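Asker: In my numbering, the protein residues as written are 56 to 158.
Provided herewith is a single structure, encoded as structure tokens, for subsequent inquiry.
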Amino acid sequence: LIDSMDEAINANNTHAFVRANHDFHFTIYRASGSATLIAIIEELWLQVSPYFHLLHSSGNYSQANQQHRNILQALHQQDSTAAGASIRADISAAAEVLLALLD
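Below, the structure is given as structure tokens:
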């Protein structure tokens, strides 16, 4: 999925990036096995996702994909602390950019 996001960035294909980004994140969230967590995240995602196209013009997609690599590396190392920190960093960076763009 990270490669798919790289390809979407290089092709300037916002729709493909957003789809692969969703699939990446929800693959991880579903692995948690927590139906409650997934329901909460799905609700938040539905509220925020209409604004994801704004991130493309900010250059955030490349930064986000580096965060995705950090997440994947932490998961491969079975380092839940680092994985959680990387997921929070990814979400926080996107939120900061969106808030600045909407301000």
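All residues carry an ideal CB built from backbone N, CA and C; glycine is no exception.
Keep in mind it's a predicted model, so treat the numbers as computed, not measured.
#1: What would DSSP say about Gln132, mapped onto helix, strand or coil?
#2: Please report the residue range of the alpha helix (DSSP H) in which Tyr84 lies.
#3: One question on the structure: do Leu110 and Leu153 come within less than 8 Å of each other, judged by their Cβ atoms?
#4: How far does the alpha helix (DSSP H) with Ile94 in it reach, from first residue to last?
#5: For Asp145, does the three-state DSSP call read helix, strand or coil?
Answerer: From the atom records:
#1: What you label residue 132 is simply residue 77 of the sequence shown in a count that begins at 1. Residue state, collapsed to three classes: coil.
#2: As a first step, residue 84 is located in the sequence shown; it is residue number 29 there, counting from the start. Its alpha helix (DSSP H) spans residues Thr69 to Ala86.
#3: Here the question's residue 110 lines up with position 55 in the sequence shown. Here the question's residue 153 lines up with position 98 in the sequence shown. Yes, the pair counts as a contact, with Cβ atoms nearer than the cut-off.
#4: Counting from one through the sequence shown, the residue named residue 94 turns up at place 39. A small fix is needed here, since residue 94 is Ala in this sequence, not Ile. That run of the alpha helix (DSSP H) goes Ala90 to Val103.
#5: Mapped onto the sequence shown, residue 145 falls at position 90. Asp145 falls in the helix class under three-state DSSP.
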